[in-house]
Amino acid sequence: MSTLLEFCTRFSHLTSHRRCAFRSLGLTAVLLAVSVTGVQPRTHAAESSVVAVVNADPISRDALATASLERYGADVLDNLVNRHLIMQECKRRDIVVTGDDVRAEIVRVAKKFALSVDSYLQLLREERDITPDQYSNEIIWPMLALRSLVADRVEVSQEEFNRAFVAQFGEAVKCRMIMIGDQETANQVYAQAKAAPQNFVRLAKEYSEDETSASVGGLIPPIRRYMGDSRLEEAAFALKDGDVSPVIQIGDQWVFMQAVRRMPASQPSPQALPVIKEQINDQIRDEKMKGAAAELFAKLQKDAQVVKVLGVPEAEKQYPGVAAIINGQQVTIASVAGECIKRHGEAVLEGEINRKLLTQALKQAGKTVSQQDIDEEINRAAVSYGYVREDGAADVNAWMEAVLTQGETTRELYVEDSVWPSVALKSLVEDGVKLTPQDIEHGFASAFGPRAEVLAIVLSDQRTAQKVWELARDNPNDEFFGQLAEQYSIEPTSASNFGKVPPIRQFGGQGSIEKEAFAMKAGELSGIVATGDKYIIMRSQGFTDPVVDDIEAVRGELQRDLLDKKINIAMGLKFDELKQSAQIDNFFSVAQEQPRVATRPEAR
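In UniProt numbering, the protein residues as written are 1 to 604.
In structure tokens form, the structure reads like this:
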């Protein structure tokens with residue numbers, strides 16, 4: 001059953017990009033988490049007292065700072081602490097990475113991808129949501145600093161290069177694989193494959209628990225030496241074409257393979273070889289730097305004297321205005337708030353704007369959100385996600401424990417960012433949402449009625465669809481249709497299962513397909529159904545039996561479910577209406593200046 005909380009992601013300040021701290025100590029996490037512009041953020045025009053106005057109602061920068069600090073303060077402080085540790089170590093060892101060094105590295109990296117610097121930075125912005133300023137200061141500078149700090153520990157040997165080269169360009173074996181979690185079943189299937197290797201494709205589709213390879217008859221990427229598990233590599237290279245390997249235990253899975261063909265080693269052209277050598281050396285160096293950087297951070301953190309003040313009431317009283325003390329150096333709460341705004345201000349401000357819109361709409365409608373409304377919504381969420389006690393009542397404590405376990409929010413923020421917006425929107429639309437007899441009739445047919453079982457072929461152009469349709473019409477049987485699906489269908493499920501697709505239900509949102517599927521009798525061929533840019537041909541295999549015959553047996557559950565769905569749709573439409581009709585001036589976003597590519601960071 002759907003829940004109002006599904007809408008929380010539209011209003012929540014909590015985004016999927018917020019977790020990139022140093023805790024894993026992997027190099028990627030380190031590079032993404034470190035910023036090098038110093039504790040104090042740069043002054044932007046957005047630092048004016050008002051950052052946005054929503055229908056003449058202002059949002060102050062102080063309010064944005066408070067909201068940002070509440071949601072991201074702990075993470076940002078962790079990153080600032082680690083930034084200080086790196087900068088202090090660089091200063092202690094007299095290591096300086098200049099802006100010129102950073103720019104040269106960006107040029108080098110862009111060149112590796114055959115892109116200009118502008119094109120490469122634009123790609124980062126579009127694909128990874130990383131600005132040039134972030135990239136140069138939070139990724140490239142730390143990477144260069146870390147290379148300097150661990151340079152004496154990171155060297156690429158000729159043996160390491162040779163192994164990596166063979167892994168990328170050496171001889172390979174194209175294989176099919178079957179993976180099964182139960183040893184007894186694996187041995188039984190293995191016996192069948194060994195006795196009749198020609199059936200390996202069918203056995204992979206039927207038994208393999210690796211869905212990706214099973215759907216294509218067990219095919220996996222070619223196996224080369226030094227790529228991963230040496231046992232798999234040795235087994236693959238010991239096979240002749242068509243042979244089946246012994247069963248190998250990998251973790252809690254049992255695996256065996258069939259060799260398809262041996263692929264000879266490839267030799268890059270002399271012109272490409274210098275670039276390839278540089279790329280391989282970089283890959284090896286980066287891998288080795290992960291371990292070296294982890295060791296360095298572990299030592300820096302072990303030796304450091306860090307007092308966390310933010311979030312510790314007793315310490316906050318003792319050190320007012322201070323977020324942390326790192327080896328005697330203070331980091332102010334103001335600087336942490338500024339960094340929070342710098343990194344997350346736009347997302348947080350969007351949430352504050354949404355809250356303003358909902359608050360204004362509630363006031364205009366003469367409605368309020370009470371604590372009882374909040375509690376009822378949390379109860380509904382708990383029930384909808386299966387957190388119920390033996391008596392069927394909501395197990396709110398277990399639900400809240402599950403929400404808070406990941407450590408990404410507090411109870412207060414969960415209510416403020418997820419529950420309150422859902423309840424507010426619901427209160428704005430629920431009076432106007434009614435169920436009609438047709439809603440109930442269609443909902444019953446969709447949820448509990450018969451399904452159309454069909455074989456389907458999905459094609460990308462009308463000419464091919466016409467050709468395949470004529471072939472299917474001239475050979476009216478399931479077996480031939482399945483062969484056509486395997487040969488022509490561009491949809492992986494139907495292609496790998498000889499046209500078999502999940503049963504089609506009525507009123508599921510695919511009107512033209514549903515109409516055709518339910519109009520056919522068993523054995524009949526559909527016309528060519530155009531949907532979007534695809535063309536679909538179906539062959540009916542009849543219908544499933546209804547799940548429930550008597551609508552009265554499920555009417556109560558069905559009405560609750562349908563009403564929730566209609567309310568959710570109305571909520572989405574209402575919010576879109578509020579956004580479109582509002583007068584919103586976002587000075588913060590407008591004032592974001594295009595940052596320069598890398599400046600020399602200053603330790604403070």
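For glycine and all other residues, C-beta sits at the position ideal for the given N, C-alpha and C.
By how many angstroms is the C-alpha of residue j removed from the C-alpha of residue i?
i      : j      : result
GLN483 : ALA164 : 42 Å
GLU557 : ALA447 : 11 Å
ASP118 : ASP210 : 41 Å
TRP399 : GLU278 : 52 Å
ASP391 : LYS565 : 26 Å
LYS521 : GLY542 : 6 Å
PHE256 : ASN397 : 46 Å
GLU401 : GLU138 : 34 Å
ILE537 : PHE575 : 39 Å
ASN586 : TYR72  : 21 Å
PRO476 : GLY523 : 8 Å
LEU578 : SER136 : 38 Å
GLY26  : LEU296 : Confidence is the limiting factor: at GLY26 the pLDDT is only 31, short of 50, which leaves the residue's position unreliable, though a coordinate-based value still follows. Answer to the nearest angstrom: the Cα atoms are 12 Å apart.
LEU300 : VAL96  : 18 Å
GLU206 : GLU127 : 38 Å
ARG411 : ASP375 : 12 Å
VAL81  : GLN134 : 18 Å
ARG261 : GLY511 : 45 Å
ILE584 : VAL201 : 59 Å
VAL468 : SER213 : 27 Å
TRP141 : LYS290 : 16 Å
PRO437 : ILE551 : 12 Å
GLN406 : VAL554 : 36 Å
PHE22  : ASP78  : Below a pLDDT of 50, predicted positions are generally treated as unreliable, and PHE22, at 30, falls in that range; no measurement from the model is reported.
GLN580 : GLU316 : 43 Å
VAL39  : GLY338 : Any answer about VAL39 is weak, because its pLDDT of 34 lies below 50 and its placement is not dependable; what the coordinates show is given next. Distance between the alpha carbons of VAL39 and GLY338: 9 Å.
GLU70  : GLY386 : 30 Å
ASP461 : PHE507 : 26 Å
LYS194 : GLN253 : 19 Å
ARG147 : GLN271 : 29 Å
If contacts are defined as beta-carbon pairs under 8 Å, then residue i and residue j qualify, I think. What distance do you get, rounded to the angstrom?
i      : j      : result
ILE457 : SER489 : 5 Å
ASN199 : GLN192 : 7 Å
LEU413 : LEU358 : Actually they do not touch by this definition, with Cβ atoms about 16 Å apart.
LEU310 : ALA293 : Incorrect: roughly 26 Å between the Cβ atoms, too far for contact.
PHE169 : PRO268 : 7 Å
ALA394 : VAL388 : 6 Å
ILE440 : LEU562 : 7 Å
Whose C-alpha, out of the options, is nearest the C-alpha of residue i?
i           : options                        : result
GLY251      : MET289, MET179, ALA236         : MET179
LYS174      : ILE551, ALA151, ILE86, ILE220  : ILE220
residue 605 : LYS500, SER157, ALA570         : Examination of residue 605 is not possible in this model, given that the chain is present from 1 through 604 alone.
ARG225      : VAL166, SER245, ARG411         : VAL166
ALA172      : ALA214, GLY217, ALA259, ILE95  : ALA259
ALA145      : PRO502, LYS91, ASN162          : LYS91
THR332      : ASP57, HIS84, LEU64, ALA63     : HIS84
LEU239      : GLN271, TRP254, PRO197         : PRO197
GLN283      : GLN183, ARG231, GLU316, GLU160 : GLU160
ALA465      : PHE481, GLU453, ALA452, ARG451 : PHE481
PRO502      : GLU453, THR531, GLY527         : GLU453
ALA65       : ARG343, ASN379, LYS367         : ARG343
ARG539      : ARG473, SER230, ILE223         : ARG473
GLU470      : SER526, GLU184, GLN253, ALA304 : SER526
LYS434      : THR493, GLY508, ARG560         : ARG560
residue 629 : ALA361, VAL419, GLN371         : The chain is shown only over 1 to 604; residue 629 falls outside these bounds and no answer can be derived.
SER427      : TYR385, GLN364, ALA74, SER68   : GLN364
THR493      : SER157, CYS340, SER215         : SER215
VAL109      : ALA235, GLN88, VAL275          : VAL275
Going by the beta-carbon positions, is the gap between residue i and residue j smaller than 7 Å?
i           : j      : result
GLU479      : ILE567 : no
LEU349      : PHE588 : yes
VAL529      : VAL336 : no
VAL322      : GLN329 : no
residue 680 : VAL154 : Since the first residue of the chain shown is 1 and the last is 604, residue 680 is not available in this structure.
LEU455      : TYR535 : no
ILE504      : ALA517 : yes
VAL51       : ARG61  : yes
ILE59       : GLU352 : yes
VAL306      : ILE280 : no
ILE130      : LEU124 : yes
ILE248      : GLU233 : no
GLY217      : MET177 : no
PRO546      : GLY449 : yes
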